[in-house]
Amino acid sequence: MSQDHLKEDKEPDPYTQQVLESGLSRRSFLARAAGGAAAAGLFGLSGAPALAAGARAAKTPNPGPDAAFGKSADGGATLSFLPKPRPIHDREIKRTLTFDVVVVGAGASGVPAALSAAENGAKVAVIQKAPFALSQGNTGAGVDLATSEKAGVEALVARLIADSNHRCNPKLVRQWAYHSGEAVKWVVDRARQGGSPVVDQGSGAQRAILKVNGYGMGYVTSFFGPKPYTTGDGMRALAKTAEKAGVRFFYNMPAVQLVQNKAGEILGVIAKDPDGQYVKFLATKGVILATGDYQNNKAMSDYFIPDVKHLGRKQLDRNGDGFVLAYWAGGVFEPIGHTKMLHDFDAGPASMCDMPFLAVDRKGRRFVNETVEMSLMNNYLKDPGNAGHYSQIFDADYMTQAAKWPGKLVPPEGLKHYMPDDPGAKKGVFASQVNTHVADTIEDLARKIEADPATLAATVKRYNELVASGKDSDFGKPSDRLVPVLKAPFYGIHRRVRLSAICSGMLVDENHQALDADGRPIKGLFLVGNLGGGFYGGVDYPLTVFGLSLGRCYTFGYLTGRHVAKL
Amino acid sequence: MNRITARQWAAAPLAALLVLMGAASAAAAAPQGKADRMSKHADKGITCAQCHGKTGKKAVVPKKQCLTCHGETKDLAARTADVKPNNPHENRHLGTEADCNRCHHEHAASENLCLPCHAFNFQVP
Ligand SMILES: Cc1cc2nc3c(=O)[nH]c(=O)nc-3n(C[C@H](O)[C@H](O)[C@H](O)COP(=O)(O)OP(=O)(O)OC[C@H]3O[C@@H](n4cnc5c(N)ncnc54)[C@H](O)[C@@H]3O)c2cc1C
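Protein chains in written order, with our numbering: chain A, 59 to 625; chain B, 1476 to 1600.
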């Protein structure tokens, strides 16, 4: 960590203070619910009027499936997506196992956390819901301190804080900046030992951010690819290295409850084995939850991030289990309005996704100044009709017309890999997700991209008029980004942005230890990956540094595993 | 319909309670010995108890129960190895261990879990 920022503050930082004030914890919910009408007003303001129904629902036996709230056995209210755990008695426990560190979830943060703890001398168990380690994505980013100017690192930190609309915890961003190079290198090395073909793409993958405010930067960029090879495969290779280091993996074993004593300390986890029986895992040093986000929990999603209600999901089984566990242990959710990540790097070349070709919505209408990046397009396509669908349209001359634009053009031969109708072999893509098309007329292209032919023809006609005039009087796109769509064949990439990840989580300190509603560390409980909070804060996940999300997951897994092992 | 007392309500987690209430109303509505809704198994003469046991509780049948008749998951995967474009019973997300209930529904139309992400257009029986 940077020496300049090591000074210990007694007061919680502004980020933590804000989460303590406006986040959701068991205690804050009880307090609000007890406030009755006052509570309804409070939540009404923040866009969750359903809470008012909560107080009523508690009195009626059958609130129906739409009621968001019920009342728990201890008399305290509970949100429906946060069911109060039923006590599991000792006689129901089939067996009890004791470790130093128990990691829950074998994904991008959990597997590194487990291996890191083992390398630091701990006896480690990983309990994983799925039949093997599971994660997604390819690229993970870290800062190479050896080739970066100190001022550059700080400038990058400032840039990332700005990307988060200044709503994140700067301490965590700085922690990533100063430790990620070491951590990502370590992941690459250890995954390779497990047989992964992972490579370090270094700074080449981060061309757009080699200078920040004029200061030089260097990067470590892990790449688990090309597709269909992903970080999921990578984490399975890393798990092999971890097993060799003595980590025990328990698969098909979802964690269902934390073991907590009266003082509030976490002593372990109870999981359900494949026979439906409970197994208790005691953790003498700590439990690290690494269960990922909650995108497949509809009620939780609708509550914390209503923006994504109509958008598809790219993951399975991310039900927010870890959130429920941490909430009942006293943890605090970041306030409503969580940061989201929505992409489609599969329909067509990733390198062309931000190129400002004519863009049309699902019907075929122009809807935006196309200099808006793909990662932000979701904000225009949230409605149930568009549901994240849009298309990039260009003509036969795209290789010359767009040659000077930022991004990297893929020539027509290369585009064939992305064309479901092209009979050729598909390399470096998910064949079942490609969605690029070519046609001799705009109407035919419209049919292929599933837009309305007449609407698309009218849109193209209007666009060509604007291009000819040299001024985009409809959306104000700069004139050097205006190229016509005139010459056959015509191309269309039908992108469909779906939710990749929700990257807000629950309140942690710099050790990634969960904090309670008073801002005090919950002994024995650590949260990493997307379950951890504080690293983001904006509406959308930034692509400033490519692979920040996986880079963060590896880094915080690596640091937390080591920290807990040494307790 | 069975009465649920205020105490039971307060003690039961919401999800469990909804299942419970569903069970109570279904039991009341269904003619004895017959499934309440469509059942592909019942059409073949298989009784409720063969899947659900004798307790009479309406609940999702554990995967283990499916396998007692349909065989080991690995064998199932081998039988569907030629399904195009991908073997649904052996995939990169869940291996051979997907819960049968995710796609195959007994009392409702089955669904293809792959579809939201992939163009795997097979019909799920
Ligand atoms: C298609 C796609 C592409 C992406 N590409 C990139 C990319 O290139 N670069 C990038 O930086 N980010 C990318 N991301 C985002 C990145 O994958 C995630 O942010 C990251 O994987 C999150 O890591 P995690 O450890 O928090 O959770 P995950 O990696 O999701 O792991 C969570 C694990 O916990 C397990 N689990 C859940 N509940 C329980 C339970 N109750 N008990 C036990 N285990 C449980 C799950 O099975 C899972 O294995 C992509 C995401 C998607 C969907």
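Where is the CB? At the ideal position from N, CA and C, for every residue including glycine.
Close Cβ partners of residue i (< 6 angstroms) along its chain, the five nearest in sequence each way excluded
{"i": "A:V492", "result": "Y476, P478"}
{"i": "A:G619", "result": "A171, S174, A175"}
{"i": "A:P189", "result": "Y309, N310"}
Residue nearest to residue i in terms of C-alpha spacing, selected from the options
{"i": "A:F281", "options": "A:D331, A:D480, A:M293", "result": "A:M293"}
{"i": "A:G370", "options": "A:R554, A:Y336, A:D247, A:D71", "result": "A:R554"}
{"i": "A:V543", "options": "A:A209, A:L557, A:E523, A:P536", "result": "A:E523"}
{"i": "A:D360", "options": "A:Q233, A:F139, A:D538, A:A199", "result": "A:F139"}
{"i": "A:P286", "options": "A:Q264, A:A266, A:P255", "result": "A:P255"}
{"i": "B:C1541", "options": "B:N1576, B:N1566, B:A1517", "result": "B:N1576"}
{"i": "A:G637", "options": "A:A384, A:I507, A:I551, A:K269", "result": "The question about residue 637 of chain A has no answer, for chain A in this structure spans 59 to 625."}
{"i": "A:A526", "options": "A:T517, A:S537, A:A516", "result": "A:S537"}
{"i": "A:K298", "options": "A:R248, A:N319, A:N310", "result": "A:R248"}
{"i": "A:I451", "options": "A:G304, A:V487, A:V518, A:V278", "result": "A:V518"}
{"i": "A:Y309", "options": "A:S80, A:E392, A:A460, A:V337", "result": "A:V337"}
{"i": "A:D419", "options": "A:A445, A:L540, A:D530, A:A405", "result": "A:A445"}
{"i": "A:K320", "options": "A:D530, A:K529, A:G406, A:G388", "result": "A:G388"}
{"i": "A:V242", "options": "A:A623, A:L625, A:F614", "result": "A:F614"}
{"i": "A:K159", "options": "A:T205, A:I151, A:G168, A:L503", "result": "Looking at the sequence itself, residue 159 of chain A is Val, so the reference to Lys does not match. Here the closest residue by C-alpha is A:G168."}
{"i": "A:L608", "options": "A:Q194, A:S80, A:V231, A:L82", "result": "A:Q194"}
{"i": "A:G577", "options": "A:K68, A:Y73, A:L78", "result": "A:L78"}
{"i": "A:A263", "options": "A:T197, A:G350, A:H147", "result": "A:T197"}
{"i": "A:K474", "options": "A:H447, A:N427, A:G486", "result": "A:G486"}
{"i": "A:D333", "options": "A:E150, A:R620, A:F533, A:P579", "result": "A:E150"}
{"i": "A:T342", "options": "A:V246, A:D530, A:E323", "result": "A:E323"}
{"i": "A:G239", "options": "A:V278, A:R232, A:A213, A:A216", "result": "A:V278"}
{"i": "A:L514", "options": "A:K421, A:L137, A:R153", "result": "A:K421"}
{"i": "A:L296", "options": "A:H237, A:W244, A:M311", "result": "A:W244"}
Separation of residue j from residue i, as counted between CA atoms
{"i": "A:M275", "j": "B:P1600", "result": "55 angstroms"}
{"i": "B:A1491", "j": "A:N569", "result": "Its pLDDT being 37, under 50, B:A1491 is placed unreliably in this model, and the value from its coordinates should be taken loosely. Using only the alpha carbons, I get a separation of about 36 angstroms."}
{"i": "A:K142", "j": "A:V317", "result": "14 angstroms"}
{"i": "A:A180", "j": "A:G380", "result": "22 angstroms"}
{"i": "B:P1563", "j": "B:A1552", "result": "8 angstroms"}
{"i": "A:N178", "j": "B:K1549", "result": "38 angstroms"}
{"i": "A:V184", "j": "A:G582", "result": "16 angstroms"}
{"i": "A:T288", "j": "A:N588", "result": "18 angstroms"}
{"i": "A:F87", "j": "A:A166", "result": "31 angstroms"}
{"i": "A:M358", "j": "A:Y352", "result": "7 angstroms"}
{"i": "A:I394", "j": "B:K1559", "result": "43 angstroms"}
{"i": "A:A512", "j": "A:R424", "result": "13 angstroms"}
{"i": "A:F362", "j": "A:R84", "result": "15 angstroms"}
{"i": "A:V327", "j": "A:P170", "result": "19 angstroms"}
{"i": "B:G1528", "j": "A:A623", "result": "47 angstroms"}
{"i": "B:P1506", "j": "A:P312", "result": "Residue placement at B:P1506 is flagged as unreliable, the pLDDT there being 40, under the threshold of 50; a coordinate-derived value is accordingly withheld."}
{"i": "A:R505", "j": "A:P442", "result": "20 angstroms"}
Residues near residue i in its chain [Cβ-Cβ closer than 7 angstroms; skip 5 each side]
{"i": "A:N354", "result": "R371, Q373, L374, D375, R376, N377"}
{"i": "A:Y594", "result": "S222, C226, T397, C561, S562"}
{"i": "A:G210", "result": "V270, Y273, G274, M275"}
{"i": "A:G99", "result": "Only weak support is given to the placement of A:G99: the predicted model assigns it a pLDDT of 31, under 50, and the value that follows is read from those uncertain coordinates. No residues qualify anywhere along the chain."}
Bridge partner(s) assigned by DSSP for residue i
{"i": "A:R420", "result": "In DSSP, A:R420 forms no bridge with anything."}
{"i": "A:D598", "result": "A:K398"}
{"i": "A:P162", "result": "The amino acid at residue 162 of chain A is misidentified as Pro; the sequence shows Val. Partner(s): A:I185, A:L347."}
{"i": "A:S490", "result": "None; A:S490 has no bridge partner."}
{"i": "A:F339", "result": "A:L155, A:V327"}
{"i": "A:V257", "result": "A:F281"}
{"i": "A:A504", "result": "Beta-bridge pairing links A:A504 to no other residue."}
{"i": "A:A497", "result": "A:F548"}
{"i": "A:S83", "result": "A:V390"}
{"i": "A:L583", "result": "A:V345"}
{"i": "A:V270", "result": "A:Y273"}
{"i": "A:F593", "result": "DSSP output for A:F593 lists no bridge partner at all."}
{"i": "A:Y448", "result": "A:R553"}
{"i": "A:V201", "result": "A:Y277"}
{"i": "B:N1566", "result": "B:G1570"}
Contact set for residue i: own chain, Cβ-Cβ below 8 angstroms, skip 5 residues either direction
{"i": "A:T499", "result": "A546, F548"}
{"i": "A:D71", "result": "N227, P228, K229"}
{"i": "B:M1513", "result": "H1582, A1583"}
{"i": "B:H1593", "result": "N1561"}
{"i": "A:T429", "result": "P414, K535, P536, R539"}
{"i": "B:N1596", "result": "N1587, L1590"}
{"i": "A:A405", "result": "Y476, Q491, V492, N493, T494, I551, H552, R553, R554"}
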